[in-house]
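Data first, discussion second: the structure below is written as structure tokens.
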Amino acid sequence: MMVESNMMSMETPYYRRLSDSQLQQLHFATFEILERTGIRFHDEEAVALLRKGGAEVTDGNVVHIPSWRVEWALGIHPKQIILYDMDGNPVIRLSGRKSYFGNGSDLPYIIDHRTDERRLAVLQDIKECVRLLDAIPQYDFVMSGFIPSDISPEKAEHHQTMAMLENTHKPMVYVTTNLPNTKDEVEMFEIAAGGADALRRRPYAACYINITHPLRHNPDSIQKLLYLSEKRLPFIYRPSIVTRGLTTPITVAGFLVTNNAAALSGLVLSQLKQEGAPYIRCSCAGGTFDMKTMVGLHSGPEVRGFNEELAHFYGTPCFGLGGSTASKVVDQQAAMDATFNLITGVLAGGGLIHDIGYMASSTLGSLIQSAICGEMIAWIKEYMKGLKIDDDTLALDVIHEVGIQGDFVETAHSFKHCRDDYYPELSDQKLYEDWVSVGGTTMKDRAKSKVEKILADHNPPKMEASVRKALQKMIDKK
Amino acid sequence: MADIYEDLSKSVMTGDLTGAKRLTQEALDQGFKAKDVLDKGLLPGMAVVGQRFKTGEMFMPEVLFSAKTMHLAMEILKPLLVGSDAEGLGVMVIGTVEGDLHDIGKNLVAMMMEGSGFTVVDLGTNVKSQTFVDAVKQHKPNLVGMSALLTTTMPKMKETIDALKEAGLRNRVKVMIGGAPVTAEFMSRIGADGFGINAGAAVENAKKLVGK
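Protein chains in written order, with the numbering used here: chain A, 5 to 482; chain B, 252 to 463.
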């Protein structure tokens with residue numbers, strides 16, 4: 005056995021796009037925004053808490069948070085948030101540069117995989133989407149996928165939650181419009197968990213809160229943050245619906261610091277409300293806002309990796325984005341866009357990487373695209389492995405035995421290791437003639453077959469009758 | 252076509268703030284009529300801008316700068332324009348409906364409408380139906396624009412239209428709606444007259460609705 009001191013190995017690829025000094029620069033610039041410009045909080049309780057926490061308040065509700073209070077919040081907020089599955093297993097340990105994969109919540113349109121037709125999504129599509137992702141091991145968490153156009157807006161969220169609870173036991177991220185709905189969703193999760201304490205001890209759902217503008221936080225979002233902080237249930241606080249160039253300066257550095265100021269102000273508020281509140285930082289957003297078409301994009305290269313670096317600088321668990329495209333069809337652009345932002349998201353350590361499979365700039369989804377993205381995740385996971393160097397893998401004795409005359413392929417060594425490599429499920433690697441003989445299919449064809457098979461065969465975990473009854477009561481109440 | 256009209260158009264197209272002000276004043280000093288300066292010099296420039304934005308040749312911040320030149324030039328011309336000419340192509344009352352604080356889209360539409368020659372009264376966000384009604388009584392617009400980003404605040408659009416009907420004002424205005432969840436189907440369902448899928452389309456449709 006080899007004995008050697010000072011031996012270090014790289015377990016995974018090393019990636020950074022910002023230096024420590026640059027992060028310091030962004031950090032102090034953020035403090036300047038917080039202290040000098042301030043942030044408007046449209047909520048009295050929030051202003052009172054922040055004022056009591058040392059912030060100066062101008063113009064009624066513009067809060068200027070001092071840097072020492074931010075440092076305090078950064079010190080005490082949880083650096084690891086564990087999300088469980090509904091069976092109580094700790095499956096997501098959100099910390100550091102780990103990556104987990106999930107879809108998004110509210111696409112209005114779907115490309116029906118049966119007809120290739122783009123149409124408004126319905127509740128059945130949500131159920132199928134969640135069930136599909138339940139079956140694909142590359143997906144670690146789920147979101148509701150689509151907006152059910154066949155359900156009235158007031159009831160939509162309850163039906164989305166029910167569809168998730170019925171079709172998977174994987175952890176979930178959910179979105180709500182206002183505080184009353186948030187409370188209802190939490191109640192539904194508590195019912196399925198077996199009580200409020202059970203949900204708090206082993207949370208399987210995180211709420212994704214979107215605020216309207218980084219420098220002016222709207223009442224609904226603030227109230228949700230305060231409510232969930234007090235309940236000590238995990239949530240993500242997103243400082244604005246993308247729009248670098250509209251709600252922040254157009255330059256990436258200007259965007260990063262504005263976004264950071266908003267994120268840190270939310271963090272401070274959550275910790276003031278409840279020390280140790282499970283705050284998840286949104287480390288996505290900031291994609292190009294196309295100034296020709298006025299469409300928010302996720303697929304561009306400019307901002308990838310920077311937001312995530314800031315999250316890691318603070319040690320805050322994060323919520324990233326990847327696997328999305330501006331394409332309107334499942335074509336080469338869709339594959340290219342999704343690959344670029346998925347791989348950069350993983351290298352940057354995106355945390356809960358969501359919106360995988362999103363198309364047409366967050367307006368369209370396709371179960372076929374979701375299946376193809378599952379393949380991308382599998383490839384990336386293989387890539388993220390390190391190199392194993394030991395006697396067996398160096399194989400020096402094998403090399404000497406085979407020598408200059410022999411073939412490695414017939415050795416016991418190859419027999420042992422021939423299945424170590426990555427053999428993709430959906431990508432086809434056959435010779436041309438063989439490929440023709442089995443149908444000459446495209447990636448899209450094969451992904452479609454996979455979707456059809458899963459939808460035909462896969463049964464999600466069963467829901468207890470008493471739980472179903474109690475949940476249905478909540479839906480009917482609405 | 253006098254050179255000055257061409258120069259005025261060009262200053263609008265290039266978003267030349269100082270140039271537009273200077274040329275507008277020069278034109279007046281040289282005896283050109285305020286209405287002609289607007290109709291033959293400035294507005295044609297803005298029409299080109301609208302076209303170039305549609306084809307992707309011009310970017311939004313550039314369009315907004317062009318709109319700014321119009322605004323500055325109008326400040327000089329307004330006192331000299333008589334009666335309805337001062338309103339330009341018309342008056343628009345615009346706002347984000349009650350319960351909704353989203354304003355980016357609304358602000359873009361307001362800026363582009365102004366740049367296109369409309370007078371815009373921006374009521375801001377979280378605007379109650381009654382406030383819309385009062386604004387229509389006060390400003391006598393030909394257009395009312397309502398914006399909403401949330402599916403939950405969309406019903407307020409219908410509420411405002413009904414309030415306008417009750418006040419006997421519905422027939423005096425064209426109502427346009429906009430916002431991410433808004434669709435043509437929703438527009439017909441609540442009895443609005445038009446909608447814009449984005450700010451550029453909103454302006455085009457607005458002009459069509461008022462017959463310009």
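Beta carbons: idealized from backbone N, C-alpha and C, even for Gly. Small disclaimer: the values here were computed from a predicted structure and weren't measured.
{"Query": "Nearest-angstrom Cα separation, counted from Met397 (chain B) out to Leu460 (chain B)", "Result": "15 Å"}
{"Query": "DSSP-derived helix/strand/coil call for Asn393 (chain B)", "Result": "coil"}
{"Query": "Residues sharing a beta bridge with Leu98 (chain A), DSSP", "Result": "A:Ile85"}
{"Query": "Closer than 8 Å: His417 (chain A) CB and nearest the ligand NAP heavy atom", "Result": "Absence of the ligand NAP from the depicted structure is noted, as is the absence of any ligand whatsoever, leaving it without description."}
{"Query": "As assigned by DSSP and simplified to three states, the class of His221 (chain A)", "Result": "strand"}
{"Query": "Interface residues of chain B facing Met298 (chain A) [CB-CB closer than 9 Å]", "Result": "Met311, Gly356, Leu359, Asn449, Ala450, Gly451"}
{"Query": "Residue interval of the beta strand (DSSP E) (run including Arg242 (chain A))", "Result": "239-242"}
{"Query": "Inside the segment 351-398 of chain A only - alpha helix (DSSP H) runs reaching at least 4 residues", "Result": "371-387, 395-398"}
{"Query": "Under 9 Å between C-beta atoms of Ile428 (chain B) and Ala418 (chain B)", "Result": "no"}
{"Query": "Interface partners of Leu401 (chain B) on chain A, CB under 7 Å", "Result": "Thr181"}
{"Query": "Inter-stretch contact (C-beta, 8 Å, three-pair minimum) for the segment 338-345 of chain B and the segment 361-375 of chain B", "Result": "yes"}
{"Query": "Cβ-based neighbour list, Glu429 (chain A), same chain, cut-off 8 Å, excluding 5 preceding and 5 following", "Result": "Glu379, Ala382, Lys454"}
{"Query": "Coil, strand or helix - Asn182 (chain A) by DSSP", "Result": "coil"}
{"Query": "Euclidean distance between Cα positions of Leu356 (chain A) and Lys286 (chain B)", "Result": "59 Å"}
{"Query": "Gly290 (chain A) beta carbon less than 9 Å from that of Val256 (chain A)", "Result": "yes"}
{"Query": "C-beta neighbour in chain A for Pro392 (chain B), strict 9 Å", "Result": "no"}
{"Query": "Residue environment, Ala460 (chain A), which counts as buried when at least 16 other CB atoms sit within 10 Å", "Result": "exposed"}
{"Query": "Beta-carbon proximity of Tyr143 (chain A) to Phe193 (chain A), cut-off 9 Å", "Result": "no"}
{"Query": "Below-9 Å beta-carbon distance, Glu189 (chain A) vs any chain B residue", "Result": "no"}
{"Query": "Continuous beta strand (DSSP E) stretch holding Thr306 (chain B): start and end", "Result": "Here Thr306 (chain B) belongs to no beta strand (DSSP E); instead the alpha helix (DSSP H) covers 294-306."}
{"Query": "Proximity winner among B:Asp267, B:Ile255, B:Thr404, relative to Gln281 (chain B) (alpha-carbon distances)", "Result": "B:Ile255"}
{"Query": "At least three beta-carbon pairs within less than 8 Å, the segment 333-341 of chain A to the segment 307-319 of chain A", "Result": "no"}
{"Query": "Three-state secondary structure assigned by DSSP to Ser269 (chain A)", "Result": "helix"}
{"Query": "Opening and closing residue of the alpha helix (DSSP H) in which Ile116 (chain A) lies", "Result": "Before going on, a small fix: residue 116 (chain A) reads as Asp here, not Ile. From DSSP, Asp116 (chain A) is part of no alpha helix (DSSP H) but of the beta strand (DSSP E) over 113-116."}
{"Query": "9 Å Cβ cutoff, Asn222 (chain A) in contact with chain B", "Result": "yes"}
{"Query": "Continuous beta strand (DSSP E) assignments of at least 3 residues falling wholly in the segment 268-315 of chain A", "Result": "283-286"}
{"Query": "Proximal residues of chain B, C-beta to C-beta of Pro157 (chain A) below 8 Å", "Result": "Thr402, Thr403, Met405"}
{"Query": "Cβ of Met363 (chain A) within 9 Å of any chain B Cβ", "Result": "no"}
{"Query": "Member of A:Gly79, A:Met388, A:His221, A:Arg450 whose CA lies at the smallest distance from the CA of Tyr19 (chain A)", "Result": "A:Met388"}
{"Query": "CB contact check: Phe446 (chain B) to chain A, cutoff 9 Å", "Result": "no"}
{"Query": "Neighbouring residues, chain B, relative to Leu111 (chain A) (Cβ below 9 Å)", "Result": "Chain B residues near Leu111 (chain A): none, gap ~12 Å exceeds 9 Å."}
{"Query": "Straight-line gap, Val333 (chain B) to Arg285 (chain A) (C-alpha atoms, nearest Å)", "Result": "56 Å"}
{"Query": "Sequence-distant residues of the same chain with beta carbon closer than 8 Å to Thr403 (chain B), five excluded per side", "Result": "Gly350"}
{"Query": "Cβ-based contacts, 7 Å cut-off: residues of the segment 373-384 of chain B near chain A", "Result": "none"}
{"Query": "Three-state secondary structure (DSSP) of Glu121 (chain A)", "Result": "strand"}
{"Query": "Chain-ordered chain A contacts of Leu352 (chain B) [CB-CB under 7 Å]", "Result": "Thr216, Asn222"}
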